[in-house]
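Written out below as structure tokens is the structure these notes cover.
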Amino acid sequence: MIAEPLNITVSLRGTREVRDNYQLFRFTGLLDAFSEPTFRKVIGKCIDEGPKNIILDLSQIDFVDSSGLGALVQLAKQAQNAEGTSQIVTNARVTQTVKLVRLEQFLSLRPSVEVALENIK
């Protein structure tokens with residue numbers, strides 16, 4: 004499977020892999036107020052296109068701010084409303100930020116892509 008590059012912003016880069024029943028997104032950089040609008044728009048469009056189960060690999064993300072967290076919540080809700088699932092693969096920095104606002108259960112944090120794959124319906 005070839006990863007399709009996603010044009011987000013200079014500070015946030017990503018790829019998308021589409022499989023039978025899920026989409027895997029891998030990101031590097033900053034998920035902040037600058038990158039959030041484009042991030043939300045691009046991922047939202049991909050959820051609409053399907054498949055509805057998504058995995059966001061944020062393990063290489065350096066920073067997430069409140070705008071980024073808001074986008075993650077919106078995308079999780081969008082996937083749920085489309086009768087899909089969303090899971091987020093994190094690193095220590097992202098996990099800490101998400102736990103500060105007590106969203107770790109809602110956002111379905113996972114330690115690795117492999118664990119996320121095991122949790123797809």
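Take 4 as the starting number for the sequence shown in my numbering and just add one per residue.
C-beta atoms are modelled at their ideal positions from N, C-alpha and C, and glycine is treated no differently.
When the Cα atoms are used, Asp35 and Ser70 turn out to be separated by approximately 6 Å. Rounded to the nearest whole angstrom, the CA to CA distance from Ala74 to Arg43 is 6 Å. Distances from the alpha-carbon of Asn122 to those of Leu9, Ile58, Ser62 and Gln81 put Ile58 closest. A straight-line Cα-Cα distance of about 16 Å links Pro54 and Arg29. Glu52 and Asn24 have their alpha carbons spaced roughly 12 Å apart. Judged by DSSP secondary structure, Ile123 falls outside any beta strand (DSSP E); it is assigned neither H nor E. Bounds of the alpha helix (DSSP H) holding Val97 are Ala95 to Leu103. Val92 sits close to Ser62, with the two beta carbons spaced by under 8 Å.
Cα atoms of Ala79 and Ile5: separation of roughly 25 Å, rounded to the nearest angstrom.
Under the three-state reduction of DSSP output, Ser69 falls in the helix class. Shown here for Thr88: same chain residues with a beta carbon closer than 8 Å to its own, the five before and five after excluded, namely Lys55, Asn56, Ile57, Ala82, Ser111, Asn122, Ile123 and Lys124 in chain order.
In this structure, the beta-carbon distance from Thr100 to Val76 does not fall below 8 Å.
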